[in-house]
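S.K.:
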């Protein structure tokens, strides 16, 4: 486990070093990534609360559509990041 962690740290350090050599501000990238995650979580929370309200009102179809919509968005974002390497 310790060796794996050290390899991960070394690999990350090398990638950061290469990015900085290309003029990429790694700190800005990290901040942007966290802002995106924060925004995504806020939206997910909003939609899940909306879904819960629909379910409480007995509108199971609309409630399940809200949940399904959010799941599709999260999956699409995950596949997009995986395919682009971001």
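Numbering (my numbering), first residue to last: 1472 to 1557.
Note that the Cβ used here is the ideal one computed from N, Cα and C, for glycine as well.
Are the beta-carbon atoms of residue 1525 and residue 1516 separated by less than 8 Å?
M.R.: Counting from 1 along the chain shown, the entry for residue 1525 is found at position 54. Counting from 1 along the chain shown, the entry for residue 1516 is found at position 45. No.
S.K.: Answer with buried or exposed for residue 1522, where buried requires no fewer than 16 other C-beta atoms within 10 angstroms of its C-beta.
M.R.: Within the chain shown, the letter at position 51 stands for residue 1522. Its Cβ being crowded by 16 or more others within 10 Å, residue 1522 is buried.
S.K.: Just to confirm my understanding: we take residue 1476, look at its own chain, exclude 5 residues before and 5 after, and list those with CB closer than 7 Å. What are they?
M.R.: Numbered from 1 along the chain shown, position 5 holds the residue referred to as residue 1476. Contacts found: none.
S.K.: Residue 1497 and residue 1490: beta carbons closer than 8 Å?
M.R.: Your numbering for residue 1497 matches position 26 in the chain shown. Your numbering for residue 1490 matches position 19 in the chain shown. Yes, the pair counts as a contact, with Cβ atoms nearer than the cut-off.
S.K.: Could you check how far apart the C-beta atoms of residue 1511 and residue 1548 are, in whole angstroms? I think they sit under 8 Å.
M.R.: Counting from one through the chain shown, the residue named residue 1511 turns up at place 40. Counting from one through the chain shown, the residue named residue 1548 turns up at place 77. 7 Å between Cβ atoms; contact.
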